[in-house]
Every structure is written in C-alpha cells, then in structure tokens.
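Shown next, in structure tokens, is the structure this report addresses.
As structure tokens, this is what we get:
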C-alpha cells in the first residue's frame, strides 16, 4: 500500500493543522490564589495545615470538603482568615462562617 506524499507530510484533513499550534499569542494567564487550610484532623485530633491553589473562594471551599476536618477549621488567603468552619453542638450540621 502506498501512502500519498501529501498525506505522509501531514496534509491529511484528519490531523490538526500546524498553524493551530504555532500561535504568536502567549497563553492567557489565569489568576490563581494560594489558600491555606488549618484544621483539626477528625481521626487523629492533631492540627494540620494544607496549602493549595484555587481560582476563587467557592472552588477552595469545594476542595476542602475532601479533608477530614474535625471540630474546627479556618481558611485563609494571603495571611487573612476568610472563614471558619462551625457546626451545631450535636454535630448534626456543619457550615462555614465568613469573617
């Protein structure tokens, strides 16, 4: 089987064109914030601190839901405490309080 010369050189329509990847425009910068979560570990009872990046506060709060937060937690950005994790005395409901 012989492959046509133009297809072998990348002239096939099934492949993306080179011009698509050879742009002079720099990639758009996304603003990313460095958040710090301090919390009591639910299983070990010790204080832990986790630093992570997120584009905004809503995304950061969604990300910290995966941490084993015990009785307390606080989320800060650039050294400022943004919110604290609270809850009902019986442990029924957990919520974040904005400072």
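Numbering (the working numbering), first residue to last: -13 to 85.
Don't be surprised by glycine CBs; every beta carbon is placed ideally from N, CA and C.
Membership of residue 83 in the beta strand (DSSP E) is indicated by the continuous run 80 to 84. DSSP, read as helix, strand or coil, puts residue 50 in helix. Sequence-distant Cβ neighbours of residue 79 in its own chain, meaning closer than 8 Å and more than five residues away, are 73.
Counting only the Cα atoms, residue 39 lies some 21 Å from residue 81. Going by DSSP, residue 55 is part of the beta strand (DSSP E) stretching over 55 to 63. Cβ neighbours of residue 43 within its own chain (closer than 7 Å, five residues either side excluded): 68. Rounded to whole angstroms, the separation of the alpha carbons of residue 57 and residue 29 is 11 Å. Excluding sequence positions up to five before and after residue 22, its CB lies within less than 6 Å of the CB of 37 and 62, all in the same chain and listed in chain order. In the DSSP assignment, residue 24 is bridged to 35 and 60.
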